[in-house]
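*Asks:*
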Amino acid sequence: MKNICFIVGARPNLMKLAPIVKRCEERKISYAIVHTGQHYTENMNDVFFKVLKLPSPDYNIGVGGGDPAKVVGKVMQELPDIFDKIKPEWVVVFGDVSSTIAATLTAKYHGYKIAHVEAGIRSFDWRMPEEINRVVTDRIADIRFTPEPAAKINLEKEGLSQNNFYVGNIMINTLIDVLPEITRIDTKILIPKLKNQYGVVTIHRNTNVDTKERLDLVIKLIRDVCKKIQIVMPLHPRTKQNLTKFNLMEELSNIKNLQLIDPLDYIGFMALVKNSKWVITDSGGVQSEATYLGIPTITVRENTEWTETITIGTNVLCRLEDGECIDKYVTQAMNNEFKKGRIPEMWDNKVAERILDVLTKM
-18 MKNICFIVGA RPNLMKLAPI VKRCEERKIS YAIVHTGQHY TENMNDVFFK VLKLPSPDYN
42 IGVGGGDPAK VVGKVMQELP DIFDKIKPEW VVVFGDVSST IAATLTAKYH GYKIAHVEAG
102 IRSFDWRMPE EINRVVTDRI ADIRFTPEPA AKINLEKEGL SQNNFYVGNI MINTLIDVLP
162 EITRIDTKIL IPKLKNQYGV VTIHRNTNVD TKERLDLVIK LIRDVCKKIQ IVMPLHPRTK
222 QNLTKFNLME ELSNIKNLQL IDPLDYIGFM ALVKNSKWVI TDSGGVQSEA TYLGIPTITV
282 RENTEWTETI TIGTNVLCRL EDGECIDKYV TQAMNNEFKK GRIPEMWDNK VAERILDVLT
342 KM
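Its first residue numbered -18, the sequence shown is counted upward by one per residue in the numbering used here.
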């Protein structure tokens, strides 16, 4: 059987890996998991392995976070020896984090075949490190698995017309797999002070939280919206670090009707989203998950790589500084007047099967 090496480095990679590993076990396909340790805290990493029923990594590099260039360099130093031990037929990378491009470059230098899951999506925003990682990874990969038709078109426009496979959104495969567990969770037990109606805010992108000026806008947004409805905000480590750095944590914490909580595991967070009135986010994954769940979503970015969440789903874009735009959509969501989306094609629980069908035949 095929010997596949999966490279993960950040929590979103784990959600994308989980359904594929499950199907590898069912089909008795040999695989190894290499965790670069790009994101690492006990609650936001080890717990994800347990909740998603993933086996422990075969190799854990432990590079930590920080400057993307340094992360890439550290991962590239460690991977050659690991690849020599595994001798994979395929190196599979996910998404757009620093570990993805590091593994892609290393595999290519050492003659291993590369498959990119979640290929072809584009924000066309070169300020985002993720956009650089996506474009370069797709250029180097031997095969590319796309989550939506627009992604395949993007690749073709870049001159990559061969070995592109439209398989659907792998994040939704994961969501469907664990939906029964999500449905069983009582969010009022999970978060005791939760009101009957609430919104969820999750903001962590560097463009939104890395300067005091942007964090001031985040705080203003939350203060204004909390006058209408309770907000629950799981505090991402990057956001928390920068709030502390700029002495803004107390100002945020004192906002009435805001409940700040520690990050939740995947199932807990999805239960929180599923029972909310709306979500304000800058996360790519949350845009997709909320569309599948039918939850109104306001993405505080100038653009999104997840175009189907806008054209088909329940997602809209507002700039962080555009309070009128955010207020309009929050009001629509609270009054059940928000646009009605639908689930895009091939957002189902067969995505991992389609990926493995290709890998085992190539």
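Yeah, the Cβ is synthetic: ideal placement off N, Cα and C, and Gly gets one too.
(1) So, Val297 versus Ile279, is the Cβ gap smaller than 8 Å?
(2) Leaving out the 5 sequence neighbours to the left and right, which residues in its chain are closer than 6 Å to Ile166 when beta-carbon positions are compared?
(3) Are the CB atoms of Trp259 and Val213 nearer to each other than 8 Å?
(4) Using DSSP bridges, identify the partner residues of Cys(-14).
(5) In the structure shown, what three-state DSSP assignment does Pro325 receive?
(6) Could you name the residues that DSSP lists as bridge partners for Phe126?
(7) Assuming Pro344 and Gly47 are in contact, meaning their beta carbons sit under 8 Å apart, how far apart are those beta carbons, in whole angstroms?
(8) Comparing C-alpha positions only, which one of Glu318, Leu196, Tyr147 sits nearest to Asp338?
(9) Assign Ala50 to buried or exposed, taking buried as 16 or more other Cβ atoms, counted over all protein chains shown, within 10 Å of its Cβ.
(10) Given this structure, state the Cα-to-Cα distance separating Arg195 from Phe29, to the nearest angstrom.
(11) Give the straight-line distance between the Cα atoms of Asn330 and Val74, rounded to the nearest whole angstrom.
(12) Looking only at DSSP bridge pairs, what is Gly180 linked to?
(13) Which of the three DSSP states, helix, strand or coil, is assigned to Leu229?
(14) Cβ atoms of Thr295 and Ser269: under 8 Å apart, would you say?
(15) Give the C-beta separation of Glu232 and Ile210 to the nearest angstrom, bearing in mind that I take them to be a contact with Cβ-Cβ under 8 Å.
(16) Taking the straight line between their C-alpha atoms, what separation do you get for Pro325 and Ser104?
(17) Which residue comes first and which comes last in the beta strand (DSSP E) that contains Val297?
(18) Can you check which of these residues, Ile67, Val190, Glu111, Val117, is closest to Tyr93 by C-alpha distance?
*Replies:* Short version:
(1) Residue numbering aside, residue 297 sits at position 316 when the sequence shown is read from its first letter. Residue numbering aside, residue 279 sits at position 298 when the sequence shown is read from its first letter. Cβ distance < 8 Å, so Val297 and Ile279 count as in contact.
(2) Taking the sequence shown and counting its residues from 1, the one referred to as residue 166 is at position 185. Closer than 6 Å at Cβ, skipping near neighbours: Ala252.
(3) For this step, residue 259 is matched to residue 278 along the sequence shown. For this step, residue 213 is matched to residue 232 along the sequence shown. It is not a contact, given that the beta carbons lie outside the stated cut-off.
(4) Taking the sequence shown and counting its residues from 1, the one referred to as residue -14 is at position 5. Per DSSP, the beta bridge partners of Cys(-14) are Ala13, Val72.
(5) Translated into positions along the sequence shown, residue 325 becomes position 344. Correct three-state label for Pro325: coil.
(6) The residue given as residue 126 occupies position 145 in the sequence shown. Phe126 is bridged to Val98, Phe146.
(7) Beyond the ends of the chain as shown, which are -18 and 343, falls residue 344; an answer cannot be given.
(8) Locating residue 338 in the sequence shown gives position 357, where the first residue counts as 1. Ranking Glu318, Leu196, Tyr147 by Cα distance to Asp338 puts Tyr147 first.
(9) Here residue 50 refers to the residue found at position 69 when the sequence shown is read from its first residue. The residue in question, Ala50, is exposed, as its Cβ has fewer than 16 Cβ neighbours within 10 Å.
(10) On the sequence shown, position 214 is the one that residue 195 refers to. On the sequence shown, position 48 is the one that residue 29 refers to. Roughly 29 Å separates the two Cα atoms.
(11) For the purposes of this step, residue 330 is taken as residue 349 along the sequence shown, with counting starting at 1. For the purposes of this step, residue 74 is taken as residue 93 along the sequence shown, with counting starting at 1. Their backbone Cα atoms lie some 20 Å apart in a straight line.
(12) One-based indexing of the sequence shown puts residue 180 at position 199. Gly180 is bridged to Ile212, Trp259.
(13) The residue you call residue 229 lines up with position 248 of the sequence shown. Leu229 falls in the coil class under three-state DSSP.
(14) Mapped onto the sequence shown, residue 269 falls at position 288. Mapped onto the sequence shown, residue 295 falls at position 314. Against a cut-off of 8 Å, the Cβ pair of Thr295 and Ser269 comes out as no contact.
(15) The sequence position of residue 232 within the sequence shown is 251, counting from 1. The sequence position of residue 210 within the sequence shown is 229, counting from 1. Glu232 to Ile210, Cβ: 20 Å. No contact.
(16) The sequence position of residue 325 within the sequence shown is 344, counting from 1. The sequence position of residue 104 within the sequence shown is 123, counting from 1. About 19 Å.
(17) Working through the sequence shown from its first residue, we reach residue 297 at position 316. Taken as a continuous stretch (DSSP letters only), the beta strand (DSSP E) holding Val297 covers 296 to 298.
(18) Against the sequence shown, residue 93 aligns to sequence position 112. Residue Ile67 is the option with its Cα nearest to Tyr93.
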